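**Student:** For what it's worth, our numbering labels the leading residue of the sequence shown as 8, then goes sequentially.
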Amino acid sequence: MSSFPHRAFAGRATVVDALSASAPEGVIVVCGWVRTRRDAKGLSFLELNDGSCLANIQVIVDESAKAHAALESVNTGAAVAVLGELVESPGTGQKWEVRAVDMILYGAADPETFPLQKKRHSDEFLRGIAHLRPRTNKYGAMFRIRSEAAFAIHEYFREHGFFHVHTPILTGSDAEGAGEMFRVTTLPTHGQQEKKERDDPFAGDFFGRECNLTVSGQLEAENMALGLGKVYTFGPTFRAENSNTPRHCAEFWMVEPEMAFADLESDMDLAEDLTRAVVAKVLSRCPQDIDLFNRFVDTGLLGRLNILVKEPFARITYAQAVEILQKSGKAFEFPAFFGTDLQTEHERFLAEEHFGKPVIVYDYPRTIKAFYMRLNDDNKTVAAMDLLAPRVGELAGGSQREDRLEVLERRVRELGHDMSLYWWYLDLRRFGSAPHAGFGLGFERLLMLLTGATNIRDVIPFPRTPKNLEF
Ligand code: 4AD
Ligand code: MG
8 MSSFPHRAFA GRATVVDALS ASAPEGVIVV CGWVRTRRDA KGLSFLELND GSCLANIQVI
68 VDESAKAHAA LESVNTGAAV AVLGELVESP GTGQKWEVRA VDMILYGAAD PETFPLQKKR
128 HSDEFLRGIA HLRPRTNKYG AMFRIRSEAA FAIHEYFREH GFFHVHTPIL TGSDAEGAGE
188 MFRVTTLPTH GQQEKKERDD PFAGDFFGRE CNLTVSGQLE AENMALGLGK VYTFGPTFRA
248 ENSNTPRHCA EFWMVEPEMA FADLESDMDL AEDLTRAVVA KVLSRCPQDI DLFNRFVDTG
308 LLGRLNILVK EPFARITYAQ AVEILQKSGK AFEFPAFFGT DLQTEHERFL AEEHFGKPVI
368 VYDYPRTIKA FYMRLNDDNK TVAAMDLLAP RVGELAGGSQ REDRLEVLER RVRELGHDMS
428 LYWWYLDLRR FGSAPHAGFG LGFERLLMLL TGATNIRDVI PFPRTPKNLE F
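(1) Using DSSP with H/G/I as helix, E/B as strand and the rest coil, what is methionine 426?
(2) Pick out whichever of Gly242, Met188, Tyr163 has its Cα sitting closest to the Cα of aspartate 280.
(3) Give the straight-line distance between the Cα atoms of valine 414 and arginine 420, rounded to the nearest whole angstrom.
(4) Could you give the C-beta distance for histidine 560 and alanine 343, rounded to a whole number, given that I count them as a contact under 8 Å?
(5) Return the CA-CA distance between glycine 49 and valine 66, expressed in angstroms with no decimal places.
(6) Apart from the five residues just before and just after leucine 435, which ones in its own chain have a Cβ nearer than 7 Å to its Cβ?
(7) Can the beta-carbon of threonine 240 be found closer than 9 Å to that of glutamate 258?
(8) Note down the Cα distance separating alanine 115 from leucine 26, rounded to an integer number of angstroms.
(9) Start and end of the beta strand (DSSP E) containing alanine 116?
(10) How far does the alpha helix (DSSP H) with glycine 445 in it extend, from its first residue to its last?
(11) Between which two residues does the beta strand (DSSP E) carrying asparagine 56 extend?
(12) Is there contact here, the region 291-311 with the region 429-448, by at least three beta-carbon pairs under 8 Å?
(13) Is it the case that the region 119-131 contacts the region 22-39, given that we only count it when at least three CB pairs across the two stretches are under 8 Å?
(14) Along the chain, where does the beta strand (DSSP E) containing isoleucine 463 start, and where does it finish?
(15) Using CA coordinates, which residue listed in Asp181, Arg151, Leu177, Gly186 is at the minimum distance from threonine 193?
(16) In angstroms with no decimal places, state the Cα-to-Cα distance between proline 372 and glutamate 409.
(17) Aspartate 270 and glutamine 101 look like a contact to me (Cβ under 8 Å); what is the Cβ gap, rounded to whole Å?
(18) Can aspartate 57 be considered in contact with the ligand MG, in the sense that its beta carbon sits closer than 8 Å to one or more heavy atoms?
(19) Measure the beta-carbon distance from valine 89 to leucine 55 and round it to whole angstroms, keeping in mind my assumption that it falls under 8 Å.
(20) Could you tell me which of Gly447, Asp425, Tyr379, Arg452 sits nearest to glycine 400, measuring between CA atoms?
(21) Alpha helix (DSSP H) containing arginine 283: first to last residue?
(22) Let me confirm a value: proline 470 is counted as buried when at least 16 other C-beta atoms fall within 10 Å, else exposed. Which label applies?
(23) Does the distance from the CB of glycine 224 to the CB of proline 175 come in under 9 Å?
(24) What's the gap between the Cα of glutamate 267 and the Cα of cysteine 38?
(25) Would you kindly report the start and end of the unbroken alpha helix (DSSP H) that includes phenylalanine 320?
(26) Give the range of the alpha helix (DSSP H) segment to which threonine 43 is assigned.
(27) Can you list, in chain order, the residues of its chain whose CB lies under 6 Å from that of lysine 288, leaving out five sequence neighbours each side?
(28) Classify methionine 8 as helix, strand or coil using the three-state DSSP reduction.
(29) Looking at glycine 404 and the ligand MG, is the gap between the Cβ and the nearest heavy atom below 8 Å?
(30) Using alpha carbons as the reference points, say which of Gly449, Ala321, Glu166, Gly84 lies closest to tyrosine 113.
(31) Taking 6 Å as the limit between beta carbons, can you name the residues of its chain near serine 9, skipping five residues before and five after?
(32) Thinking C-beta only, is alanine 396 closer than 9 Å to aspartate 370?
(33) Among the residues of its own chain, which have a CB less than 6 Å from the CB of isoleucine 367, if the five just before and after it don't count?
(34) In angstroms, rounded to a whole number, what distance separates the CA positions of serine 335 and arginine 311?
(35) Check this for me: beta carbons of valine 238 and phenylalanine 170, under 9 Å apart or not?
(36) Mark lysine 376 as exposed unless 16 or more other C-beta atoms lie within 10 angstroms of its C-beta, in which case mark it buried.
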């Protein structure tokens, strides 16, 4: 390590590695951001964090050490590299500490203007500085959990024979048929369109037709499943709905498995098993980060997650759900009756109060669900399901797909959608149609479940919500 600072990066130890050492390792290099600095007689104590884990490593700088020269501008927020000896800490609270020999200051942070001075800031305040919040304990933990959860999802599907497919983000159709899409265009902002283009506003556009950001990869995933068997897509999806709620983002990530030769029951089984497996993996791989949320955000978190991992989810039909709600004696803002969509207050009552665990509601009235869901024999309901979780509400929604051409065409017509946009989707029902099913699980909703966060803006690094595109 004599070449410090030149070889500082190549041989550096992450804080998580240094802290999990089993024996003193001699001289190491650690890099990170200073969380706090405390000066005592002849000694300075730095708490250094590099994002590799929740814990900081304590660095001790002796007045006589060479490192002391760099200390003057080292304050909370500064980026530094420290060369020092990893030794057993005589103090309480940490097993190892670094006795600094040399130190480089890369970037100072002016204590007058650096916003992260206090130990705890409100979520609202931190949303306003989303570019800096990864440097706090809470958001470091959040985004490590996010990374681990995404990995666990890929791992689950791989272990269960699903292929990862990439569905397009630019699309010419509306998967949900709800018309809540963001248009993508290369046309000039201020129209100088040719006359011939005035009749067809998209004639001169990049694709020569209307293009939007996808609301769901489902329709394309269905095409892939009816060739590959079991697939999933996991990507960003976009909704231009103007819903300013703590559970909606205009850009969010969705996990969408799709299985050929599957019905509603296998769909519900998959949703339950996937959710349980991912929660269990995150609990075992991120204990410190989860513990932070359990202590400071939601003291019921671990209790709920443990129930989720251990107990089977409840399963009821939509009709039974409505009955439970009506008999609950609760004064809901929106009364529940057959034919109305369940509101968040209903979903939360069922999962939180009535069952005290996740519940899957299935067989919804066809009048409130999308065109692609398979019509049941009663002609009144469709083979749809929603997975509802305590505190979160709807975590996932899916269905067995309508695999009968005539019925699907009737549904597309009934709902007033433009049949010509879906010809390729209808072709699946013309050639080798097969029963198939899938669902979409909101990745941010899953993170709310995993962390107890009550606002979706706090589980995605740069949230997109109405009138909010700062970062
Ligand atoms: O229920 P949704 O709209 O279903 C679909 O899009 C289907 N095409 C999925 C499928 O079957 N492949 O959305 C699925 C999930 C919801 O249950 C919810 O968790 C999440 O996506 N979601 C949102 N999350 C954040 N912000 C929004 N605006 C969301 N809209 C839906
Ligand atoms: Mg839904």
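Yeah, the Cβ is synthetic: ideal placement off N, Cα and C, and Gly gets one too. Predicted, not measured: the structure shown is a model, and the values here were computed from it.
**Tutor:** Let me lay it out:
(1) The sequence position of residue 426 within the sequence shown is 419, counting from 1. Looking at methionine 426 - three-state DSSP - the assignment turns out to be helix.
(2) Stepping through the sequence shown from its first residue, residue 280 is reached at position 273. Ranking Gly242, Met188, Tyr163 by Cα distance to aspartate 280 puts Tyr163 first.
(3) Taking the first residue of the sequence shown as 1, we reach residue 414 at position 407. Taking the first residue of the sequence shown as 1, we reach residue 420 at position 413. Approximately 10 Å, taken between the alpha carbons.
(4) Summary: the structure shown does not reach residue 560, with the chain confined to residues 8 through 478, and so no result is reported for it.
(5) Numbered from its first residue, the sequence shown carries residue 49 at position 42. Numbered from its first residue, the sequence shown carries residue 66 at position 59. Computed Cα separation, rounded: 14 Å.
(6) As a position in the sequence shown, residue 435 is number 428, starting the count at 1. Correct list, in chain order: Glu229, Asn230, Leu233.
(7) As a first step, residue 240 is located in the sequence shown; it is residue number 233 there, counting from the start. As a first step, residue 258 is located in the sequence shown; it is residue number 251 there, counting from the start. No, the pair does not count as a contact, with Cβ atoms beyond the cut-off.
(8) Mapped onto the sequence shown, residue 115 falls at position 108. Mapped onto the sequence shown, residue 26 falls at position 19. For alanine 115 and leucine 26, the distance between alpha carbons rounds to 25 Å.
(9) Position 109 of the sequence shown, counted from the start, is the residue given in the question as residue 116. No beta strand (DSSP E) contains alanine 116, which DSSP labels as neither H nor E.
(10) Stepping through the sequence shown from its first residue, residue 445 is reached at position 438. Looking at the DSSP string, glycine 445 is not in any alpha helix (DSSP H); the run it does join, the beta strand (DSSP E), is 443-449.
(11) In the sequence shown, residue 56 corresponds to position 49, counting from 1. Its beta strand (DSSP E) spans residues 50-56.
(12) no
(13) No, the region 22-39 is not in contact with the region 119-131.
(14) In the sequence shown, residue 463 corresponds to position 456, counting from 1. Here isoleucine 463 belongs to no beta strand (DSSP E), and DSSP marks it neither H nor E.
(15) Looking up residue 193 in the sequence shown gives position 186. Of Asp181, Arg151, Leu177, Gly186, the residue nearest in Cα terms is Leu177.
(16) Counted from its first residue, the sequence shown places residue 372 at position 365. Counted from its first residue, the sequence shown places residue 409 at position 402. Each residue's alpha carbon lies about 15 Å from the other.
(17) Start at 1 with the first residue of the sequence shown, and residue 270 comes out as number 263. Start at 1 with the first residue of the sequence shown, and residue 101 comes out as number 94. That belief does not hold up - the Cβ atoms of aspartate 270 and glutamine 101 are roughly 54 Å apart, past 8 Å.
(18) Translated into positions along the sequence shown, residue 57 becomes position 50. It does not: the Cβ of aspartate 57 is nowhere closer than 8 Å to a heavy atom of the ligand MG.
(19) Your numbering for residue 89 matches position 82 in the sequence shown. Your numbering for residue 55 matches position 48 in the sequence shown. Confirmed, about 7 Å.
(20) Sequence index remark: in the sequence shown, residue 400 carries index 393 (1-based). Selected option, being the one with the closest Cα: Arg452.
(21) Locating residue 283 in the sequence shown gives position 276, where the first residue counts as 1. Element bounds for arginine 283: 271-292.
(22) Start at 1 with the first residue of the sequence shown, and residue 470 comes out as number 463. So proline 470 ends up on the buried side.
(23) Along the sequence shown, read from residue 1 onward, the residue named residue 224 stands at position 217. Along the sequence shown, read from residue 1 onward, the residue named residue 175 stands at position 168. Here glycine 224 is near proline 175, since their CB atoms are less than 9 Å apart.
(24) As a working note, residue 267 is residue 260 in the sequence shown. As a working note, residue 38 is residue 31 in the sequence shown. Just to set this straight, residue 267 is alanine in the shown sequence, not glutamate. Straight-line Cα distance between these residues: approximately 50 Å.
(25) As a first step, residue 320 must be located in the sequence shown, where it is residue number 313. Where phenylalanine 320 is concerned, there is no enclosing alpha helix (DSSP H), given that its DSSP letter is neither H nor E.
(26) As a position in the sequence shown, residue 43 is number 36, starting the count at 1. Here threonine 43 belongs to no alpha helix (DSSP H); instead the beta strand (DSSP E) covers 33-47.
(27) Here residue 288 corresponds to residue number 281 of the sequence shown, with the count starting at 1. Excluding residues within five positions, the ones whose Cβ falls inside 6 Å are Ala159.
(28) Walking along the sequence shown from the start, residue 8 turns up at place 1. The predicted position of methionine 8 is uncertain, since its pLDDT is 47 and thus under 50; a value taken from the coordinates is nonetheless stated next. Three-state result, methionine 8: coil.
(29) For the purposes of this step, residue 404 is taken as residue 397 along the sequence shown, with counting starting at 1. Taking 8 Å as the cut-off, the C-beta of glycine 404 counts as close to a heavy atom of the ligand MG.
(30) Numbered from 1 along the sequence shown, position 106 holds the residue referred to as residue 113. The option with the nearest alpha carbon to tyrosine 113 is Gly84.
(31) Residue mapping note: residue 9 aligns to position 2 of the sequence shown, counting from 1. Here serine 9 scores only 47 on pLDDT, less than 50, and its place in the model is too uncertain to base an answer on.
(32) Within the sequence shown, the letter at position 363 stands for residue 370. Within the sequence shown, the letter at position 389 stands for residue 396. No.
(33) Within the sequence shown, the letter at position 360 stands for residue 367. Correct list, in chain order: Met275, Phe320, Arg322, Met392, Leu394.
(34) Here residue 335 corresponds to residue number 328 of the sequence shown, with the count starting at 1. Here residue 311 corresponds to residue number 304 of the sequence shown, with the count starting at 1. Distance between the alpha carbons of serine 335 and arginine 311: 22 Å.
(35) Residue 238 sits at position 231 when you count from the first residue of the sequence shown. Residue 170 sits at position 163 when you count from the first residue of the sequence shown. Yes, the pair counts as a contact, with Cβ atoms nearer than the cut-off.
(36) Within the sequence shown, the letter at position 369 stands for residue 376. When all chains shown are included, lysine 376 counts as buried.
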